[in-house]
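Here is the structure we will look at, set down as C-alpha cells.
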Amino acid sequence: MTAALTIEGLKLDFYGVHVLRGVDFAVPVGSFTGLIGPNGAGKSTLFNAVSGLYRPKAGSVRLGSVETTSLPPEKLVAAGLVRSFQLARGFPKLSVFQHLMLYGAGQPGENLLAAMLRSAAARRREQELTERAFDIARRLKLDHVLDNPVTALSGGQKKLVEIGRALMAAPKILLLDEPMAGVNPSLTEQIADHLIALNRDGLTICLIEHDMALIKRLCAPVIVMAEGKTLTQGSFDEVASDIRVQEAYLGRRH
Amino acid sequence: MTLLLQALINGLMTGALIAVPAIGFSAIFAVLRYPNFAIASYATIGAFVAWWANAGLGLPVVPALAIAFAVTGVVGVVAEEISLKRLRDNGALIVAIASIALNLVLENIVRFIFGNDMKGYDLPLARDLRFGELRIGPQQLQSLALAAIIMAAMFLFLRYTRFGKAMRAVADNPDLARLKGIDPARIAIVTVFLGAGLSGVGGVLIGLDTSIDPLTGYRVLLSVFAAAVLGGLGSIPGAVVGALALGVAEELALIVTPATYRTAVGFVAILIMLTFRPRGILGERAA
Chain A
0 MTAALTIEGL
10 KLDFYGVHVL
20 RGVDFAVPVG
30 SFTGLIGPNG
40 AGKSTLFNAV
50 SGLYRPKAGS
60 VRLGSVETTS
70 LPPEKLVAAG
80 LVRSFQLARG
90 FPKLSVFQHL
100 MLYGAGQPGE
110 NLLAAMLRSA
120 AARRREQELT
130 ERAFDIARRL
140 KLDHVLDNPV
150 TALSGGQKKL
160 VEIGRALMAA
170 PKILLLDEPM
180 AGVNPSLTEQ
190 IADHLIALNR
200 DGLTICLIEH
210 DMALIKRLCA
220 PVIVMAEGKT
230 LTQGSFDEVA
240 SDIRVQEAYL
250 GRRH
Chain B
0 MTLLLQALIN
10 GLMTGALIAV
20 PAIGFSAIFA
30 VLRYPNFAIA
40 SYATIGAFVA
50 WWANAGLGLP
60 VVPALAIAFA
70 VTGVVGVVAE
80 EISLKRLRDN
90 GALIVAIASI
100 ALNLVLENIV
110 RFIFGNDMKG
120 YDLPLARDLR
130 FGELRIGPQQ
140 LQSLALAAII
150 MAAMFLFLRY
160 TRFGKAMRAV
170 ADNPDLARLK
180 GIDPARIAIV
190 TVFLGAGLSG
200 VGGVLIGLDT
210 SIDPLTGYRV
220 LLSVFAAAVL
230 GGLGSIPGAV
240 VGALALGVAE
250 ELALIVTPAT
260 YRTAVGFVAI
270 LIMLTFRPRG
280 ILGERAA
C-alpha cells in the first residue's frame with residue numbers, strides 16, 4: 000500500500016493547551032478515508048495543521064514521499080493537497096464562477112503584466128480553466144447558479160461551491176471538513192454520490208464526518224481520533240466494535 | 000429653511016472630514032478585527048506633522064498632507080508591530096484596551112515634542128463665500144475637495160489594485176485567502192499603514208478648519224467610532240455614509256440643543272443603531 004498522505008507524531012499547542020498530542024495515520028492512495036471522533040478531538044485542527052494554516056510543534060507530514068511539514072498553504076495547494084472548510088463562507092462578493100476560477104491552478108493571468116499583455120499562453124490557460132469551471136459546475140449541478148453571488152446560495156449549494164473550489168485546484172488528495180453538515184438529506188445523498196464518483200475516478204479523499212451511516216457507507220479505512228491523538232483505525236465495523244471508541248464517544252464506564 | 004440648509008451643508012462638510020479617519024478605522028477593523036482607538040493619536044500626530052511642514056517649513060497644504068500621511072502611516076505600523084501585534088492572539092477586547100493605552104502614550108509624546116498650546120496653520124485668510132443667505136468658507140470647500148479625492152483614491156485602490164483586492168480577500172475570509180498565497184501578516188502591515196495614514200490626514204483636515212492641540216484627535220474619536228458603527232464596522236463605503244449621516248445629525252441637533260450636547264449625538268446614534276440594526280447601515284454581518 001502506498002500512502003497519499005502520511006502523518007507522523009503530529010503535535011500542536013494553542014497557548015499551552017495540547018490540542019494535537021501525537022497524531023499518526025496514513026491515507027492510502029485512491030482510498031476514501033474517514034476521520035471520525037467526538038467533538039474537540041482535534042480533527043479540524045489536524046486539517047489546519049496538514050494544510051499549512053497552523054504550524055505544528057512537532058511531527059511530520061508527507062505528501063506521497065515528499066516532506067511537506069510547515070510548507071505555506073499555497074505551496075501545499077500547488078502540490079495537490081487541497082482542503083474544504085467546515086464553514087463554507089467563501090468570499091461573499093464573488094460569484095460561483097469567480098470562486099471556481101480564482102482557485103484554478105496555475106493562472107499566468109494573475110500576474111498584472113501578463114494579464115495586460117494577454118499572452119497566448121495566458122489566454123489558452125484561461126480558456127482551459129473556464130472549461131474546467133463549467134465542467135465542475137455541471138458535475139456539481141451548480142451550472143444554473145454560476146453567476147449568482149455565493150451569499151445568494153442555499154447552505155447546501157455553498158457546500159457544493161466549497162467542493163468545486165477544491166476540485167478546481169486539481170487536487171491529488173482532497174481533505175473535506177464536514178461537507179454534508181447542515182445539508183438536507185437529498186442534497187447529502189447527491190454530495191455523497193459526487194464524492195463516490197470522484198473517488199472512483201482516482202481522487203484520494205479524507206473526510207471528516209459525524210454521520211456514522213455515511214461513514215459506514217463511504218469510507219475505508221476509518222481513523223478514529225480522540226483527545227488529540229489517533230485512537231485506532233480499521234474498517235468501519237472494526238472501529239465501531241472497539242470498546243475504546245465507544246468509550247471515547249459515550250464517556251468511560253465506571 | 001435657510002437654517003436647515005445651512006445645517007445640512009455644515010453637516011456634510013464635517014461629515015466628509017470625519018469620513019477620512021473613519022475609513023482608516025474601518026479598514027483596520029475589517030482586516031485585523033479589532034477597534035483601534037489609537038487612531039485618535041494618529042489623527043493628532045498627522046495634524047502636528049502637517050503643521051510642522053506647513054508653518055515650520057512653509058509648505059502648502061497638499062504636500063503637508065502627503066508628509067502627514069506618510070509619517071502617521073509609519074508611526075502606526077511601528078506602534079502596531081511593537082505593541083498591539085503581540086496582543087492580537089488574546090482577542091479583540093484586549094487589543095482594543097491596549098489601543099486606548101497606546102493612544103495616551105502617543106498623545107503625550109506629541110505634548111512632549113510640540114507642547115500643550117494650540118497651534119494654527121499658516122493659511123491665507125479668506126472671506127466666506129455667500130450664496131444668498133448661505134455661507135461657506137473657502138477653506139472648508141478645499142478640505143471637502145481633498146477629502147473627496149482621498150476617498151476616491153482609496154476606493155480605486157481597494158477595487159482595482161492587487162493589494163486592495165488582497166486586503167478585501169483577507170477581510171472576507173482570511174483562511175481562504177491564505178490558500179491562495181496571500182500572506183495576512185503583510186496585508187495587516189499595509190492596512191495599518193493606510194488606516195493610520197488616513198487618520199493622520201483626517202486630523203489635518205479637521206485642524207485646517209480651526210486650530211490644533213494634543214487633543215485634536217481625541218475630540219473626534221467618538222464621532223469617528225460612531226460613524227464606523229453607524230455605517231457597519233468593517234465596511235468602507237459604510238464608514239463614509241455613517242460619517243455623513245452623523246455630521247448632518249450633529250448639525251441638526253445644534254438647532255434644537257445647546258452646542259455642549261453635540262457629542263451626545265454620537266452616543267445616541269450608536270445606541271439607536273445597535274438597538275435596531277447592530278450590523279450598521281451597510282454592514283454585511285453582525286460585528
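As given, the protein sequences belong to chains A and B, one line each in that order.
Under numbering that gives the first Met the number 0, residues 0 to 253 are what the first sequence spells out, in order.
Under numbering that gives the first Met the number 0, residues 0 to 286 are what the second sequence spells out, in order.
Glycine included, C-beta positions come from ideal geometry on N, C-alpha and C.
Being a predicted model, the structure only gives us computed values, none of them experimental.
Check	Outcome
Length of the line joining the Cα atoms of Glu-226/A and Ser-153/A	33 Å
Residue range of the beta strand (DSSP E) that includes Thr-32/A	31-35
Cβ separation of Ser-198/B and Gly-45/B, assumed to be a contact under 8 Å, to the nearest whole Å	7 Å
Against chain A: residues of the region 136-169 of chain B by CB proximity under 7 Å	Arg-161 and Ala-168
Outcome for Gly-233/B when other beta-carbon atoms lying within 10 angstroms are tallied against a minimum of 16	buried
Gly-41/A versus Glu-73/A: straight-line alpha-carbon distance, rounded	23 Å
Local conformation of Gly-21/A per DSSP, three classes	strand
Secondary structure of Asp-236/A, DSSP reduced to three states	helix
Rounded separation between Leu-75/A and Phe-266/B - CA only	48 Å
Minimum C-alpha distance to Pro-186/A - residue among Ala-78/A, Arg-20/A and Lys-158/A	One detail in the question is off: residue 186/A reads as Leu in this sequence, not Pro. Closest option to Leu-186/A, Cα to Cα, is Lys-158/A.
Range of the contiguous beta strand (DSSP E) that encloses Phe-90/A	Where Phe-90/A is concerned, there is no enclosing beta strand (DSSP E), given that its DSSP letter is neither H nor E.
Coarse secondary structure for Ser-94/A, derived from DSSP in three states	strand
DSSP bridge partner residues for Leu-206/A (one or two, in chain order)	Gly-33/A and Leu-175/A
Proximal residues of chain A, C-beta to C-beta of Asn-172/B below 7 Å	Arg-88, Gly-89 and Phe-90
Interface positions of the region 71-85 of chain A facing chain E (Cβ-Cβ less than 9 Å), listed along the chain	Among the chains of the structure shown, chain E does not appear; the protein chains present are A and B.
Beta carbon proximity, Leu-52/A to chain B, threshold 8 Å	yes
With 16 other Cβ atoms within 10 Å as the buried cut-off, status of Pro-184/A	exposed
Test: Leu-101/A CB closer than 8 Å to a CB of chain B	yes
Through-space distance from Thr-129/A to Leu-206/A, alpha-carbon basis	28 Å
Close beta carbons around Leu-105/B, own chain, < 8 Å, minus the five adjacent residues each side	Ala-37, Ser-40, Tyr-41, Thr-43, Ile-44, Val-74 and Ala-78
Classification of His-98/A by the beta-carbon crowding that lies within 10 angstroms, buried from 16 upward	buried
Touching by the beta-carbon criterion (3+ pairs, under 8 Å), the region 239-248 of chain A and the region 113-127 of chain B	no
Under the three-state DSSP convention, the category Ser-59/A falls into	strand
Start-to-end residues for the alpha helix (DSSP H) that takes in Ile-168/B	First, the amino acid is wrong: residue 168/B is Ala here, not Ile. Residues 161-171.
Reduced DSSP secondary structure (H/G/I, E/B, other) of Gly-10/B	helix
Cα-Cα separation between Gln-141/B and Leu-86/A, rounded to whole angstroms	47 Å
Cβ-based burial, Asp-146/A [other Cβ within 10 Å; buried from 16]	exposed
Backbone CA spacing between Leu-145/B and Gly-201/A [nearest angstrom]	59 Å
Buried/exposed call for Leu-217/A, threshold 16 Cβ in 10 Å	buried
Where Ala-285/B falls: helix, strand or coil (DSSP)	For Ala-285/B, the pLDDT reaches just 41, beneath the cut-off of 50, and the residue's location in the model is therefore unreliable, leaving the point undetermined.
Complete alpha helix (DSSP H) runs within the region 20-82 of chain B (minimum length 4 residues, chain order)	38-50 and 60-78
Phe-128/B, DSSP secondary structure in three states	The sequence shown places Leu at residue 128/B, rather than the Phe named in the question. Residue state, collapsed to three classes: strand.
Val-81/A vs Thr-68/A beta-carbon contact at 8 Å	no
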